[in-house]
Every structure is written in C-alpha cells, then in structure tokens.
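Engineer: First the structure, which I've put down as structure tokens, then a few questions once you've had a look.
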Amino acid sequence: MFGLGTTELIVILVIVLVLFGAGKLPEIGSGLGKAIKNFKRSASDTDIDVTPSKDDTEKLGPAGKAKKG
C-alpha cells in the first residue's frame, strides 16, 4: 500500500495518536471519510448542464448583454 510496510504504518499511527489524542481520532476519520465520499461522488457526476434556461435568455439582449430596465 503506497510502498509503506506494516512498521511504517504503525509508526505513523502512533505519531498521529500522540499529536491529536485518542478523542479526536474518530472525528478526524469521519471527516476524512466524508471528504473522500464527496470527492468520489463529484468526480463521477458528469451530468453538468450549461445550457441557459429560457429565463436567462430573456434577460439577455441579442448580443448576450443584459437589457436595461
């Protein structure tokens, strides 16, 4: 996993435990999990519609500039 062995992962876990404390670890883990889930969802969402709606086209003039008034 990313070229890290078991010993390296244990050392990193101990350092994180010392820095943040045992009470903060579940909070950090859930925040990281939510961030990864949202990133995956937004990366797979390819249904972006950039077509202007009828209301938007009525507000714009013939050259795409906003009408006065």
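Quick note: the sequence shown uses my numbering, first residue -12, plus one each step.
Note that beta-carbon positions come from the ideal geometry of N, C-alpha and C, so glycine has one too.
1) What number of angstroms, rounded off, separates the C-alpha of Met(-12) from the C-alpha of Val37?
2) Can you give the beta carbon distance from Ile15 to Phe7, rounded, assuming they're within the 8 Å contact cut?
3) Spatial neighbours of Leu19 within its chain, please: C-beta separation below 6 Å, excluding the five flanking residues on both sides.
Structural biologist: To lay it out plainly:
1) Any answer about Met(-12) is weak, because its pLDDT of 49 lies below 50 and its placement is not dependable; what the coordinates show is given next. Their Cα atoms are separated by approximately 40 Å.
2) That pair is a contact at about 6 Å.
3) Sequence-distant partners of Leu19 (beyond 5 residues in either direction) whose C-beta falls short of 6 Å from its own C-beta are missing from its chain.
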